[in-house]
Amino acid sequence: MEIFHIGAECYPVAKVGGLADVIGALPKYQSSTENQVRVVIPCYQTVFRLENDFECVHWGKLKLGNFNFPFSVLKEISNKLGFELYLVEIPELFDRPNIYNYRDDIERFLSFQIATLDWITGRSSIPDIIHCHDHHTALIPFMNKYCPKYEKLREIPTLITIHNGLYQGIFSFNKLYYLPEFDLIHVKELEWGNCINSLAAAIKCADEVTTVSPSYLNEINNSNNGLETLFQQFRHKSRGILNGIDIDVWDSNKDPMIENNYSIETIADGKQKNKEYLCSLFNLDASKPLFCFIGRLYYEKGADLLPEVVLSALTTYKEEINILILGHGDVELENQLSHLLSEFSGNYNVYIGYNEELAHKTYAGSDFILIPSRVEPCGLNQMYAMRYGTIPIVRRTGGLKDTVVDFEDNGNGICHDNASVEDICDSIQRAIDLYKNKEIIDQIRIKGMNTNHSWETVSQEYIELYNLIITKRYES
Ligand code: GLC
Numbered sequence: 011m012e013i014f015h016i017g018a019e020c021y022p023v024a025k026v027g028g029l030a031d032v033i034g035a036l037p038k039y040q041s042s043t044e045n046q047v048r049v050v051i052p053c054y055q056t057v058f059r060l061e062n063d064f065e066c067v068h069w070g071k072l073k074l075g076n077f078n079f080p081f082s083v084l085k086e087i088s089n090k091l092g093f094e095l096y097l098v099e100i101p102e103l104f105d106r107p108n109i110y111n112y113r114d115d116i117e118r119f120l121s122f123q124i125a126t127l128d129w130i131t132g133r134s135s136i137p138d139i140i141h142c143h144d145h146h147t148a149l150i151p152f153m154n155k156y157c158p159k160y161e162k163l164r165e166i167p168t169l170i171t172i173h174n175g176l177y178q179g180i181f182s183f184n185k186l187y188y189l190p191e192f193d194l195i196h197v198k199e200l201e202w203g204n205c206i207n208s209l210a211a212a213i214k215c216a217d218e219v220t221t222v223s224p225s226y227l228n229e230i231n232n233s234n235n236g237l238e239t240l241f242q243q244f245r246h247k248s249r250g251i252l253n254g255i256d257i258d259v260w261d262s263n264k265d266p267m268i269e270n271n272y273s274i275e276t277i278a279d280g281k282q283k284n285k286e287y288l289c290s291l292f293n294l295d296a297s298k299p300l301f302c303f304i305g306r307l308y309y310e311k312g313a314d315l316l317p318e319v320v321l322s323a324l325t326t327y328k329e330e331i332n333i334l335i336l337g338h339g340d341v342e343l344e345n346q347l348s349h350l351l352s353e354f355s356g357n358y359n360v361y362i363g364y365n366e367e368l369a370h371k372t373y374a375g376s377d378f379i380l381i382p383s384r385v386e387p388c389g390l391n392q393m394y395a396m397r398y399g400t401i402p403i404v405r406r407t408g409g410l411k412d413t414v415v416d417f418e419d420n421g422n423g424i425c426h427d428n429a430s431v432e433d434i435c436d437s438i439q440r441a442i443d444l445y446k447n448k449e450i451i452d453q454i455r456i457k458g459m460n461t462n463h464s465w466e467t468v469s470q471e472y473i474e475l476y477n478l479i480i481t482k483r484y485e486s
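Mind the numbering: the sequence shown is residues 11 to 486 in my numbering, read in order.
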């Protein structure tokens, strides 16, 4: 089967969040002698692009309304990621240092989708399935279905995976002319809330819709992302498939980014050594439990609660714990977190930024990881943490709910229900008590390390789904 994954990020080529980890790992696990897997993302100005060799396999000119943009498709020569990687180079729109947050993001990602379809249409073979990820590629199912220009692709089933339903790629009908020509009778397929809504269009037009965890699928049918009724209407073609993790990259026994490799057998010693190293980097005390937070500093991640949590926990348990925060995002929050440094130096530190290597070191060296998300479609941090014997403290939501069970219910972590400072501090208190009981804490760590969240089985679930939608297409 020939599978195309199309998205905005792919680790290690270009990463902002978990989307990159999924697009960098799932295709690798799907690749086999039977499955040729190709990943297509835009060509940003990233280190990976500069340090690797590419060949140009296509060039053309894409039309976005009245604009014409030259583009080329670059293939990474060695297939070093375990699949074929293609970068769509549209210099005017993507030759920039960041992935998102430009004023012309709508133009950028729409151009990317048009260029990708132009290229795929012109190839000699056509794929068996097109798997789109998030709103940046969510107009592909519509264009595939209704734009005569892509007639050749019409029979190819499309799948949309929703990694984050809060971002929907919404724009005004003033920009309708950006889309390649189609019969206006179909315009309603693009509309939601009087705007063009890319994600809504994909929910309507794709053959199947997946979310990255079963609980998140239930939540988006009910919670306020504005698309609830649409999700309900298309529930029959939706399913939640829990993400996996790349167990080759996330392996405490082999990870080249951490100071001391360790396995279940050597966890006590291994973890302590990594913790000592991490604490030395951040002026913390390795004899105390270390709580970390790793992620983007946004409201949906519950990061707005962190300054108060740090203040409250370190005032109450000053001599008992360390807290380390790695992240960036909301500038106001970054400032608040940095501000606390002077007050709690020695017990607290914060690293503003994104640093993959430091994240690995932090998973390895921490005892507990705080994941207080308000919304968490899947969440990979809890899975990475467990793999490194770090106990997750999570709010029961989305994928966190599907992967972490409270230790008092014979589980692998600590859970609370509300996105509130009180609930998080309550969990911290329980963690401090747990930390004193070496036997139980070791059991929980080992349980986490033994949990199998590999893509191996999950990637097959997607292959089965592709087969199912291909069969359905033939039948109809
Ligand atoms: C998004 C979601 C996160 C999920 C990731 C990968 O970043 O917010 O919950 O784990 O995508 O699917």
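Even for Gly, the Cβ is constructed at its ideal location relative to N, Cα and C.
Residues bridged to G339 (per DSSP): On the sequence shown, position 329 is the one that residue 339 refers to. Answer is L307.
Are the segment 211-220 and the segment 167-177 touching by the rule of at least three beta carbon pairs closer than 8 Å? yes
Of the residues V360, P151, S225, which one's Cα is nearest the Cα of L189? Here residue 189 corresponds to residue number 179 of the sequence shown, with the count starting at 1. Nearest C-alpha to L189: P151.
What ranges does the beta strand (DSSP E) occupy inside the segment 13-86, keeping only unbroken runs of at least 3 residues that lie completely in it? 46-52, 64-74, 77-86
Validate contact between the segment 47-67 and the segment 76-95 using beta carbons, cut 8 Å, 3 pairs: yes
Just confirm the distance between the C-beta atoms of G34 and L74, as a whole number of angstroms; I'd bet it's less than 8 Å. Within the sequence shown, numbered from 1, the residue matching residue 34 stands at position 24. Within the sequence shown, numbered from 1, the residue matching residue 74 stands at position 64. Not confirmed; about 28 Å, so no contact.
Straight-line CA distance for E238 to T276? Along the sequence shown, one-based indexing puts residue 238 at 228. Along the sequence shown, one-based indexing puts residue 276 at 266. So the two alpha carbons sit approximately 48 Å from each other.
Spatial neighbours of C435 within its chain, please: CB distance less than 8 Å, with the 5 preceding and 5 following residues excluded, ordered by chain position. The residue labelled residue 435 in the question sits at position 425 within the sequence shown. Hits under 8 Å: V319, S322, A323, T326.
Checking the sheet assignment: what are the DSSP bridge partners for H143? What you label residue 143 is simply residue 133 of the sequence shown in a count that begins at 1. Looking at the DSSP assignment, H143 forms a beta bridge with T171.
Candidates F181, E344, H349, Y373: which alpha carbon is nearest R113's? Residue mapping note: residue 113 aligns to position 103 of the sequence shown, counting from 1. Nearest of F181, E344, H349, Y373 to R113, Cα basis: F181.
Beta carbon of Y287, beta carbon of G280: below 7 Å? Mapped onto the sequence shown, residue 287 falls at position 277. Mapped onto the sequence shown, residue 280 falls at position 270. Not closer than 7 Å, so no.
Between the Cα of W129 and the Cα atoms of I100, S41, K446, which residue gives the shortest distance? Taking the first residue of the sequence shown as 1, we reach residue 129 at position 119. Out of I100, S41, K446, I100 has the C-alpha closest to the C-alpha of W129.
Taking the CB atoms as reference points, tell me whether P209 and A148 lie closer together than 7 Å. Along the sequence shown, one-based indexing puts residue 209 at 199. Along the sequence shown, one-based indexing puts residue 148 at 138. According to the sequence shown, residue 209 is Leu rather than Pro. The answer is yes: Cβ separation under 7 Å.
Between which two residues does the beta strand (DSSP E) harbouring L97 extend? Within the sequence shown, numbered from 1, the residue matching residue 97 stands at position 87. Here the beta strand (DSSP E) through L97 covers 94-99.
Classification of H143 by the beta-carbon crowding that lies within 10 angstroms, buried from 16 upward: Start at 1 with the first residue of the sequence shown, and residue 143 comes out as number 133. Counting Cβ neighbours within 10 Å, H143 comes out buried, since at least 16 surround it.
Alpha carbon to alpha carbon, what distance is there between R118 and F303? Taking the first residue of the sequence shown as position 1, residue 303 is located at position 293. Taking the first residue of the sequence shown as position 1, residue 118 is located at position 108. Looking at the two C-alpha atoms, the distance is approximately 32 Å.
How long is the line joining the alpha carbons of H246 and D138, rounded to whole angstroms? Numbered from 1 along the sequence shown, position 236 holds the residue referred to as residue 246. Numbered from 1 along the sequence shown, position 128 holds the residue referred to as residue 138. Taking the straight line from one Cα to the other gives about 22 Å.
Evaluate the contact criterion for the segment 307-316 versus the segment 375-390: three or more CB pairs, one atom per stretch, below 8 Å. yes
Rounding to the nearest angstrom, what Cα-Cα distance links H349 and Y358 in this structure? Indexing the sequence shown from 1 puts residue 349 at position 339. Indexing the sequence shown from 1 puts residue 358 at position 348. When rounded, the distance between both Cα atoms is 11 Å.
Counterpart residues of W202 in DSSP-defined beta bridges: Taking the first residue of the sequence shown as 1, we reach residue 202 at position 192. Bridge partners of W202: C205.
Since P167 and I456 should fall inside the 8 Å C-beta cutoff, what is the C-beta to C-beta distance between them, to a whole number of angstroms? Translated into the one-based positions of the sequence shown, residue 167 becomes position 157. Translated into the one-based positions of the sequence shown, residue 456 becomes position 446. 42 Å between Cβ atoms; not a contact.
Cut-off 6 Å between Cβ atoms - residues of its own chain near I213, not counting five sequence neighbours on either side: Here residue 213 refers to the residue found at position 203 when the sequence shown is read from its first residue. The residues are V219, L240, F244.
How far does the beta strand (DSSP E) with P402 in it extend, from its first residue to its last? Taking the sequence shown and counting its residues from 1, the one referred to as residue 402 is at position 392. Looking at the DSSP string, the run of the beta strand (DSSP E) that includes P402 is 401-405.
For review: beta carbons within less than 7 Å of any heavy atom in the ligand GLC: G27, G28, L29, D31, V32, H173, N174, V222, N253, E386, P387, C388, G389, L390, G408, G409
Please report the straight-line C-alpha distance between N108 and L294, rounded to a whole angstrom. Within the sequence shown, the letter at position 98 stands for residue 108. Within the sequence shown, the letter at position 284 stands for residue 294. Spanning the two alpha carbons is a distance of roughly 32 Å.
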